Amino acid sequence: MPRGQGSSVSTREKPKGDRAVDPNEDNRKHRRGAYLLLGLLIVFLHGSWSVYRIQFGNLPLPLDAKQAGKRGFSEASALEHVKYLTSLGPHPVGSDSLDIATQYVYAVAEKIKTTAHWEVDVQLELFHTDIGANRLSKGLFKGKTLLYSDLKHVLLRVVPKYMPEAEENLILVSSHIDTVSTTEGAGDCSSCVGVMLELARGVAQWAHGFKSGVLFLFNTGEEEGLDGAHSFITQHHWRNSVRFAIDLEAMGISGKSTLFQGTDHWALESFAAVAKYPSAQIASQDVFRSGAIKSATDFQIYQEVAGLPGLDFAYTDTTSVYHTKNDKMKLLKPGSLQHIGDNMLAFLLHSAASPNFLKNAQQQKQENTEQNKAVFFDILVGSSYIALIWLVSPAFAYGFLEATLSPVRLPKQLKVVTLVLGMAAPVVSSAGLAVRMADVIVGSVVRVDRNPGGLPDWLGNVIVAVAIAIVICFMLVYLLSYVHISGDKRTLGLLLCIFFGLSLALVSSGIVPAFTEDVARSVNVVHVVDATGIDDGNREPLSYISLFSNTPGRLTKELVDLGDEEFFCGRNMTTDFVTFTMKYGCWSYKDSSTGWSKSEVPTLRVESDSVTDGARQTVISVDTKSSTRWSLGINKQEIDDFTVQVDSEKLVLLGDKTEVDGSHTIQFAGGKNSPTKFQLTLYWSNSASETSRREAQEGTDVPLLVKLRTDVNRVTPQVTNVLEKLPRWSTPFGKSTSPYTLAFLTGLRVNI
1 MPRGQGSSVS
11 TREKPKGDRA
21 VDPNEDNRKH
31 RRGAYLLLGL
41 LIVFLHGSWS
51 VYRIQFGNLP
61 LPLDAKQAGK
71 RGFSEASALE
81 HVKYLTSLGP
91 HPVGSDSLDI
101 ATQYVYAVAE
111 KIKTTAHWEV
121 DVQLELFHTD
131 IGANRLSKGL
141 FKGKTLLYSD
151 LKHVLLRVVP
161 KYMPEAEENL
171 ILVSSHIDTV
181 STTEGAGDCS
191 SCVGVMLELA
201 RGVAQWAHGF
211 KSGVLFLFNT
221 GEEEGLDGAH
231 SFITQHHWRN
241 SVRFAIDLEA
251 MGISGKSTLF
261 QGTDHWALES
271 FAAVAKYPSA
281 QIASQDVFRS
291 GAIKSATDFQ
301 IYQEVAGLPG
311 LDFAYTDTTS
321 VYHTKNDKMK
331 LLKPGSLQHI
341 GDNMLAFLLH
351 SAASPNFLKN
361 AQQQKQENTE
371 QNKAVFFDIL
381 VGSSYIALIW
391 LVSPAFAYGF
401 LEATLSPVRL
411 PKQLKVVTLV
421 LGMAAPVVSS
431 AGLAVRMADV
441 IVGSVVRVDR
451 NPGGLPDWLG
461 NVIVAVAIAI
471 VICFMLVYLL
481 SYVHISGDKR
491 TLGLLLCIFF
501 GLSLALVSSG
511 IVPAFTEDVA
521 RSVNVVHVVD
531 ATGIDDGNRE
541 PLSYISLFSN
551 TPGRLTKELV
561 DLGDEEFFCG
571 RNMTTDFVTF
581 TMKYGCWSYK
591 DSSTGWSKSE
601 VPTLRVESDS
611 VTDGARQTVI
621 SVDTKSSTRW
631 SLGINKQEID
641 DFTVQVDSEK
651 LVLLGDKTEV
661 DGSHTIQFAG
671 GKNSPTKFQL
681 TLYWSNSASE
691 TSRREAQEGT
701 DVPLLVKLRT
711 DVNRVTPQVT
721 NVLEKLPRWS
731 TPFGKSTSPY
741 TLAFLTGLRV
751 NI
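UniProt numbering puts the sequence shown at residues 1 to 752.
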């Protein structure tokens with residue numbers, strides 16, 4: 001063997017076996033790995049926030065009237081309407097402020113009519129509804145009968161003057177003027193009304209070229225159970241000409257108005273093609289329809305009752321202000337109204353001018369099949385596309401850059417480029433949605449306890465913590481594997497512990513408070529007058545001030561400044577408000593005998609109780625006195641069916657009564673001229689008497705057969721006193737089932 005070759009071989013092999021390990025070099029690699037991971041994490045978080053800002057926070061510049069022109073959309077003009085409506089304060093059904101708001105909308109609509117294009121016919125109507133009944137089979141209102149009366153809606157129909165067939169093919173644009181009793185409603189939904197008025201002004205300048213008409217419905221009664229939409233779709237003479245429905249809503253305030261419910265692919269394709277700033281999320285629809293968010297919109301009426309195809313849009317920024325005092329003008333972000341206004345104007349101009357759009361709408365209404373339902377995405381079903389992207393994108397990156405055909409391979413660090421390429425598509429597709437869903441979850445936790453005190457005190461914290469953990473694990477799963485193989489677990493673990501400790505210290509010290517003046521905890525104060533079981537006029541009803549919260553947790557900090565108000569708190573301080581039960585709260589009897597009178601106490605009187613052919617029937621007269629907003633619960637364990645009659649008209653007929661938790665609830669809301677006397681006829685079940693007898697023998701309290709709560713929109717002196725002393729980070733929360741600040745209770749027991 002030549003010397004040179006042998007020397008060469010020995011030289012190459014010796015260092016391979018005798019090389020010493022340099023601990024300093026290993027430490028340097030670990031430090032570089034830790035810094036690299038920290039840098040990647042910062043880039044990941046910054047990138048996620050940037051995606052969110054682009055996807056949900058990038059709003060167009062607002063235009064004034066001069067910039068928008070006669071045929072464009074001006075946010076400044078729409079905001080003038082919002083400013084006036086919010087200046088009225090809360091305007092629930094039956095209030096003077098709602099009458100003023102409705103008159104204002106009508107006056108603006110009259111001006112739109114007089115300034116319309118000369119070849120456009122604008123018809124304006126103030127629609128006064130008859131008494132009606134609404135019973136939905138699913139969703140939030142299952143197990144309920146919703147009654148309404150004396151509602152007023154403003155309708156504005158815009159059609160081309162020389163095309164009469166357009167009057168029979170209408171695109172409905174709908175929203176509501178009324179608010180709940182706890183908010184001025186800047187977002188929900190004065191912003192929607194302002195947008196619709198400005199849209200109507202613009203459409204009235206374009207409609208001479210339309211093939212169909214556009215009908216703007218400004219309804220009242222939405223907050224009381226979708227009553228406004230139901231009264232229009234069942235009573236108004238234009239209802240049969242509607243072919244497509246668009247609903248504008250708010251479950252937060254400002255930001256992008258996102259399409260979160262849609263029915264058909266052709267409508268979605270049209271919107272995506274012509275909208276200037278299209279924004280839609282199938283995940284929002286999945287969450288909303290799952291029942292996780294206890295809410296409903298008029299879109300349910302247009303779908304379930306009228307069978308119409310359509311689209312549903314809503315603001316979802318800062319959902320914690322929903323139905324609270326913090327839904328106010330100052331939180332409306334500039335560009336929010338311009339975003340939905342530009343989108344809707346472009347979509348309406350395209351749809352109303354297209355002959356094919358209305359043909360598709362009519363065909364869909366006739367077919368009404370599930371096969372045509374749209375999912376806002378063309379892969380898999382619904383929001384499952386997100387999981388697909390998280391699986392496929394990293395798999396492709398790994399396959400192209402890391403995979404090997406060798407059967408033996410030692411573990412090694414992934415290349416940084418593999419991580420970046422593998423996670424780019426998942427982050428872009430879902431980071432914005434994850435941030436948005438976090439906001440929705442926090443906002444929902446503020447009002448998650450439908451029966452105050454019914455959920456554990458710690459549940460809200462656990463919900464938020466679990467949601468954050470799921471998102472972190474889901475979105476960092478690939479970085480975690482990189483951490484494990486890199487050997488930098490100790491350094492990164494220490495950093496995470498430090499971060500956790502700082503977060504805990506900030507929250508515990510109050511530097512980062514759980515609630516603020518703008519993002520407040522729901523706390524309701526109600527003056528309760530309970531006359532249940534009082535059959536004669538000699539005994540005085542029980543009256544007290546009730547304090548409760550829909551946010552899980554005790555009312556400890558809220559009572560700090562209420563020490564002289566003599567509140568007693570606990571789980572024994574329960575109140576049955578008919579639509580819900582307060583299982584934990586506080587009572588105070590101090591000065592509770594003032595601010596109301598016995599003449600306001602409602603009555604339930606048995607008019608007759610008879611048995612015919614073995615079937616028992618009881619007729620009860622209901623007198624709600626001055627109240628035109630009330631809820632009545634019927635014990636379905638005792639009662640098979642019932643009817644409700646007003647004067648000589650049967651408002652609720654026999655049959656088709658569902659129940660929830662053994663009860664069926666009737667909710668009534670109406671204007672000042674609504675009736676206050678009703679006749680309730682109960683048809684007993686065959687086993688009813690046996691149940692009552694058994695409970696009486698067991699010595700338990702005899703259950704209520706019917707229970708009634710009437711609401712009066714008046715703040716008594718003692719309630720005013722308590723409200724003034726509550727912390728600024730607390731706020732009343734209102735909904736269709738919430739009592740006003742003065743509530744009267746009464747009931748009849750089974751053994752009548």
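Idealized CB from N, CA, C, for every residue including glycine. Being a predicted model, the structure only gives us computed values, none of them experimental.
- Between S320 and G432, the gap from beta carbon to beta carbon reaches 7 Å or more.
- Positions of the beta strand (DSSP E) runs, each at least 3 residues long and wholly inside the stretch 644-696, are given as 649-652, 663-670 and 677-684 in order along the chain.
- Distance from the CA atom of A229 to the CA atom of E566, rounded to whole angstroms, is 44 Å.
- DSSP places I634 in no alpha helix (DSSP H) but in the uninterrupted beta strand (DSSP E) bounded by R629 to N635.
- Annotation: the continuous beta strand (DSSP E) that includes I545 extends over L542 to F548.
- With a 10 Å radius around the Cβ and a threshold of 16 neighbouring Cβ atoms, Q103 comes out exposed.
- The beta-carbon separation of F577 and T324, rounded to 19 Å, does not stay under the 8 Å limit for a contact.
- In this structure, DSSP gives N58 a state outside helix and strand, which the three-state scheme calls coil.
- Beta-bridge analysis with DSSP links T746 to L708.
- Taken in chain order, the whole alpha helix (DSSP H) runs of length 4 or more contained in the stretch 414-476 are 416-445.
- Pairing K583 with N451 gives a Cβ-Cβ distance under 7 Å.
- Looking at the DSSP output, N524 bridges to F548.
- Short of 6 Å from the beta carbon of A531, and not among the five residues preceding or following it, lie these beta carbons of its own chain, in chain order: P541, V601 and T746.
- Membership of L494 in the alpha helix (DSSP H) is indicated by the continuous run K489 to S509.
- Taken atom to atom, the span from the alpha-carbon of S336 to that of T318 is near 13 Å.
- Between G213 and E167, the gap from beta carbon to beta carbon is short of 7 Å.
- Here the C-alpha atom of E724 lies approximately 40 Å from the C-alpha atom of F216.
- When the alpha-carbon of G570 is set against those of W587, L562, D564 and T579, the nearest one is in W587.
- Where A133 is concerned, the enclosing beta strand (DSSP E) starts and stops at G132 to N134.
- If you draw a 10 Å sphere on the C-beta of Y544, you find 16 or more other C-beta atoms in it, and that means buried.
- When the five nearest sequence neighbours on each side are left out, the beta carbons in the same chain lying within less than 7 Å of the beta carbon of S393 are those of G422, A425 and P426, in order along the chain.
- If you look at N219, you'll find it in the beta strand (DSSP E) that goes G213 to N219.
- Residue T643 holds the alpha-carbon nearest to the alpha-carbon of S621 among A204, G185, V529 and T643.
- Put simply, the stretch 241-258 does not touch the stretch 202-209. Fewer than three CB pairs are less than 8 Å apart.
- With contacts defined as CB atoms closer than 7 Å, L85 and E125 fail to qualify as a contacting pair.
- Beta-bridge pairing by DSSP links R571 to no other residue.
- The alpha carbon of H81 has as its nearest neighbour, out of N360, I112 and S191, the alpha carbon of S191.
- Contact holds between the stretch 601-621 and the stretch 701-717, because three or more Cβ pairs, one in each stretch, are under 8 Å apart.
- Under the three-state reduction of DSSP, P160 is assigned to strand.
- Counting C-beta atoms within 10 angstroms of its own C-beta, L63 has 16 or more neighbours from the protein chains shown and is therefore classed as buried.
- D64 sits in coil when the DSSP states are folded into three classes, being neither helix nor strand.
- Setting aside the 5 residues that flank it on each side, D150 is surrounded in the same chain by G670, G671, N673 and S674, each with a C-beta closer than 6 Å to its C-beta; the list follows chain order.
- Judged by DSSP in its simplified three-state form, Q617 adopts strand.
- Annotation: the continuous beta strand (DSSP E) that includes T603 extends over T603 to T612.
- The beta carbons of W206 and L349 sit about 6 Å from each other, so the pair counts as a contact at 8 Å.
- An exposed status is given to I42, since fewer than 16 other beta-carbon atoms sit within 10 Å of its beta-carbon.
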